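Chemist:
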Amino acid sequence: MVAETVTAPQVELPEFPARFRGAPARNAAIARPLALLGRVRHRDEALVDEIGRRMFARDEVGAELAAAMSRDAVPRVTTTALHRAIAEGAHDDDPPALRRFVAAIEREPDWLDRDLLERGARAYRRLGRSRDDVLLALSLIGGYRYVGPADLLVATGGLTGTTAMRRLGETTAWGYAVSRPGGMARDGEGFRVTAHVRAMHALVDDRFSRRDDWDTAALGLPVNRSDLAGTLALFSATAMLGVRVLGRRVPRQDGHAIMHLWRYVGFLMGVDEDWLFADERAQHAFDHHLLHAQGGPTPAGAALTTALVEGTRRSHDEHGHRGWWARRRLLSHLRLFLGAQGCRDLGQPVLPPWTVLPEVARNVVESWVIGAVAPGRRWLERRSDAGVEADLERLLGERPRRPADLPV
Numbered sequence: 007m008v009a010e011t012v013t014a015p016q017v018e019l020p021e022f023p024a025r026f027r028g029a030p031a032r033n034a035a036i037a038r039p040l041a042l043l044g045r046v047r048h049r050d051e052a053l054v055d056e057i058g059r060r061m062f063a064r065d066e067v068g069a070e071l072a073a074a075m076s077r078d079a080v081p082r083v084t085t086t087a088l089h090r091a092i093a094e095g096a097h098d099d100d101p102p103a104l105r106r107f108v109a110a111i112e113r114e115p116d117w118l119d120r121d122l123l124e125r126g127a128r129a130y131r132r133l134g135r136s137r138d139d140v141l142l143a144l145s146l147i148g149g150y151r152y153v154g155p156a157d158l159l160v161a162t163g164g165l166t167g168t169t170a171m172r173r174l175g176e177t178t179a180w181g182y183a184v185s186r187p188g189g190m191a192r193d194g195e196g197f198r199v200t201a202h203v204r205a206m207h208a209l210v211d212d213r214f215s216r217r218d219d220w221d222t223a224a225l226g227l228p229v230n231r232s233d234l235a236g237t238l239a240l241f242s243a244t245a246m247l248g249v250r251v252l253g254r255r256v257p258r259q260d261g262h263a264i265m266h267l268w269r270y271v272g273f274l275m276g277v278d279e280d281w282l283f284a285d286e287r288a289q290h291a292f293d294h295h296l297l298h299a300q301g302g303p304t305p306a307g308a309a310l311t312t313a314l315v316e317g318t319r320r321s322h323d324e325h326g327h328r329g330w331w332a333r334r335r336l337l338s339h340l341r342l343f344l345g346a347q348g349c350r351d352l353g354q355p356v357l358p359p360w361t362v363l364p365e366v367a368r369n370v371v372e373s374w375v376i377g378a379v380a381p382g383r384r385w386l387e388r389r390s391d392a393g394v395e396a397d398l399e400r401l402l403g404e405r406p407r408r409p410a411d412l413p414v
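All residue numbers in the sequence shown are consecutive under this note's numbering, ending with 414.
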């Protein structure tokens with residue numbers, strides 16, 4: 007299903023938001039590597055324009071739910087009812103908006119292969135610590151280089167170190183839930199968390215699109231279809247690209263399975279189905295066009311990045327060597343993935359990325375030697391899980407429950 011363009015009430019909007027193609031030379035340089043990976047010989051200007059138009063489009067199913075959760079809605083969807091319906095399914099007497107939301111997340115696309123989902127989850131876990139390093143430096147902080155999404159995060163209160171690190175922990179917990187055995191089954195934790203993420207996005211979009219201090223004409227809708235599609239890619243093709251740069255082997259069949267996992271996650275989140283990709287090459291080609299549609303840097307990006315860099319230091323050991331090392335590792339990853347100019351755009355020092363050298367050596371041994379045999383692959387999965395659980399305890403103060411592994 008392709009989103010319909012929605013304009014804010016009583017406001018006449020242009021065809022594209024002002025941030026669209028806001029820094030063409032800068033973003034062309036950032037997008038150039040993806041042109042090679044996606045084998046993009048000629049940029050599709052119609053696709054770039056469509057990305058711009060969908061910055062004014064929202065998830066209509068989610069928007070209807072958000073409207074039904076307002077205090078004066080009749081019939082009203084309560085938070086309790088939403089949680090129950092996501093966990094158990096809708097009741098016949100539930101409000102129509104809630105029943106339609108549940109019907110949307112329970113619908114299974116024709117291409118869904120649940121065995122491939124499980125293989126994708128295992129392969130995703132085997133990416134290990136480097137996966138989380140890439141998600142933080144390249145996916146999360148890398149996205150702060152562009153006006154729009156970073157401004158929304160600042161508006162929702164993400165500038166303090168405590169808040170920034172908690173949000174990082176919540177994102178980590180989501181990825182952990184999605185990739186657990188059985189996590190994306192109807193009764194799985196990953197399925198439930200993803201459905202809650204979709205509802206949360208709709209509520210944030212509804213709230214901020216009504217505020218006078220959100221400039222829709224300049225930035226697009228707060229949570230729009232283009233930014234949502236871009237966010238999804240950060241967990242699949244971008245994550246695999248990053249770990250390969252760090253020396254980790256991702257076999258073709260693993261990459262295919264990981265793409266399938268996140269394709270289904272995107273389906274549940276309400277990403278437009280024509281922007282759900284089955285293979286990395288197609289995803290890279292789309293991401294290349296997405297980057298050309300972006301705007302320039304924003305002060306919000308530097309503020310958010312500083313909150314995460316300093317929060318990383320404090321969460322490990324504020325005044326000791328562990329905190330220093332954690333901060334230095336993150337700055338090395340930023341230098342490697344975003345380049346010197348990217349670091350400057352985000353207000354960070356430009357330092358040589360020397361800390362990645364032992365990481366590359368470790369990844370080569372783990373993925374090319376240990377991961378070559380089945381017992382080694384299972385060990386990599388357990389090791390990754392233990393690392394994520396330790397991170398969640400550090401970031402959120404609690405370790406997640408671990409369901410028993412499903413048979414392969």
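Where a beta carbon is used, it is the ideal one built from N, C-alpha and C, also for glycine.
These numbers were taken from a predicted model, which means no experiment stands behind them.
Suppose you measure from the CA of Leu310 to the CA of Val210; what does that come to, to the nearest Å?
Modeler: About 18 Å.
Chemist: Determine the extent of the alpha helix (DSSP H) in which Tyr130 is found, giving its start and end residues.
Modeler: It spans Arg120 to Arg132 - the alpha helix (DSSP H) in which Tyr130 sits, taken as one unbroken run.
Chemist: For Gly326, does the count of other Cβ atoms within 10 angstroms reach 16, so buried, or fall short, so exposed?
Modeler: Gly326 should be labelled exposed.
Chemist: Compute the Euclidean distance between the alpha carbons of Tyr130 and Leu42, then round it to the nearest angstrom.
Modeler: Distance between the alpha carbons of Tyr130 and Leu42 is about 24 Å.
Chemist: Count the other C-beta atoms from every protein chain shown that fall within 10 angstroms of the C-beta of Pro409, then say buried if there are 16 or more, exposed otherwise.
Modeler: With a pLDDT of 39 at Pro409, under the threshold of 50, the modelled position of that residue is not reliable, and no figure is offered here.
Chemist: Quick check: the region 293-302 against the region 56-70, are there 3 or more CB pairs under 8 Å?
Modeler: Short answer: they touch.
Chemist: Using CA coordinates, which residue listed in Tyr182, Ala73, Ala239 and Phe26 is at the minimum distance from Ala291?
Modeler: For the residues Tyr182, Ala73, Ala239 and Phe26, the minimum Cα distance to Ala291 belongs to Ala239.
Chemist: I'd like to know whether the C-beta atoms of Leu398 and Ala179 end up nearer to each other than 8 Å.
Modeler: A contact, by the Cβ cut-off of 8 Å.
Chemist: Thinking C-alpha only, which one of Ala263, Ala29, Glu176 and Gly134 is nearest Asp121?
Modeler: Per the Cα distances, Ala263.
Chemist: Using the beta-carbon count (16 or more within 10 Å), is Gln354 buried or exposed?
Modeler: Gln354 should be labelled buried.
Chemist: Pull up the distance between the alpha-carbon of Asp411 and that of Arg216, whole angstroms please.
Modeler: In this prediction, Asp411 scores a pLDDT of 35, lower than 50, which makes its location untrustworthy; no coordinate-derived value is stated.
Chemist: Taking the alpha helix (DSSP H) that Thr222 belongs to, which residues open and close that run?
Modeler: Element bounds for Thr222: Thr222 to Leu225.
Chemist: By DSSP, does Gly261 sit in helix, in strand, or in coil?
Modeler: Helix, per DSSP.
Chemist: Considering only residues of the same chain and omitting the five flanking positions on each side of Ile111, which have a CB-CB separation below 6 Å?
Modeler: Only Ala201 and Leu274 meet the Cβ criterion.
Chemist: Just to check my reading of the structure: Leu314 and Gly134 have Cβ atoms closer than 8 Å, yes? What is that Cβ distance to the nearest angstrom?
Modeler: That pair is no contact at about 21 Å.
Chemist: Since Trp374 and Arg255 are thought to touch, with beta carbons under 8 Å apart, how far apart are those beta carbons, to the nearest angstrom?
Modeler: Indeed they touch by this definition, with Cβ atoms about 5 Å apart.
Chemist: Assuming Arg400 and Ser321 are in contact, meaning their beta carbons sit under 8 Å apart, how far apart are those beta carbons, in whole angstroms?
Modeler: Right, their Cβ atoms sit about 6 Å apart.
Chemist: Per DSSP, what kind of secondary structure is Ala96 in: helix, strand or coil?
Modeler: Here Ala96 sits in coil by DSSP.
Chemist: Taking 7 Å as the limit between beta carbons, can you name the residues of its chain near Ala37, skipping five residues before and five after?
Modeler: Hits under 7 Å: His294, Leu297 and His298.
Chemist: May I have the straight-line CA-CA distance separating Glu114 from Gln347, to the nearest angstrom?
Modeler: Taking the straight line from one Cα to the other gives about 43 Å.
Chemist: Can you say whether Val379 is buried or exposed, counting buried as having 16 or more other CB atoms within 10 angstroms of its CB?
Modeler: Val379 is exposed by the Cβ-count criterion.
Chemist: Kindly confirm or deny that the region 23-36 and the region 64-83 touch, where touching means at least three C-beta pairs closer than 8 Å.
Modeler: In short, these stretches do not touch, since the Cβ pair count stays below three.
Chemist: For a test of the three-state rule: what should DSSP assign to Ala63, helix, strand or coil?
Modeler: Note: Ala63 maps to strand in three-state DSSP.
Chemist: Given Phe283, which residues of its chain have a CB within under 6 Å of its CB, disregarding the five upstream and five downstream residues?
Modeler: So the qualifying residues of the chain are Gln289.
Chemist: Between the C-alpha atoms of Val8 and Val277, what's the straight-line distance to the nearest angstrom?
Modeler: Unreliable placement is indicated for Val8, whose pLDDT of 48 sits below 50; the coordinate value is still reported in the next sentence. Roughly 9 Å between the two C-alpha positions.
Chemist: May I have the straight-line CA-CA distance separating Pro15 from Pro187, to the nearest angstrom?
Modeler: Low confidence applies here, because Pro15 scores a pLDDT of 49, under 50, leaving its location unreliable; read the following figure in that light. For Pro15 and Pro187, the distance between alpha carbons rounds to 44 Å.
Chemist: Quick one: using the 10 Å Cβ neighbour count with 16 as the cut-off for buried, is Gly403 buried or exposed?
Modeler: The residue is exposed, with fewer than 16 neighbouring Cβ atoms inside 10 Å.
Chemist: Looking at the unbroken alpha helix (DSSP H) that takes in Leu42, where does it start and where does it end?
Modeler: Residues Pro30 to Leu43.
Chemist: Please list the terminal residues of the continuous alpha helix (DSSP H) segment that includes Trp385.
Modeler: Taken as a continuous stretch (DSSP letters only), the alpha helix (DSSP H) holding Trp385 covers Ala380 to Leu402.
Chemist: How do the region 223-232 and the region 151-170 stand: do at least 3 beta-carbon pairs fall below 8 Å, yes or no?
Modeler: A contact exists between the region 223-232 and the region 151-170.
Chemist: Three or more C-beta pairs under 8 Å: does that hold for the region 74-86 against the region 94-105?
Modeler: Yes, the region 74-86 is in contact with the region 94-105.
Chemist: Leu357 by DSSP, collapsed to three states: which one?
Modeler: In this structure, Leu357 counts as coil in the three-state DSSP scheme.
Chemist: Within 10 angstroms of its Cβ, does Trp281 collect 16 or more other Cβ (buried), or is it exposed?
Modeler: Buried.
Chemist: Leaving out five residues on either side along the sequence, give the residues of the same chain with a beta carbon under 7 Å from the beta carbon of Pro413.
Modeler: Note that Pro413 scores a pLDDT of 30, beneath 50, so its modelled location is shaky and nothing firm can be said.
Chemist: For Thr162 and Pro305, what's the separation of their Cα atoms in angstroms?
Modeler: Each residue's Cα considered, the two are about 15 Å apart.
Chemist: Shortest alpha-carbon distance to Asn369 belongs to which of Leu142, Ala208, Arg137 and Arg32?
Modeler: The residue with the shortest Cα to Cα distance from Asn369 is Arg137.
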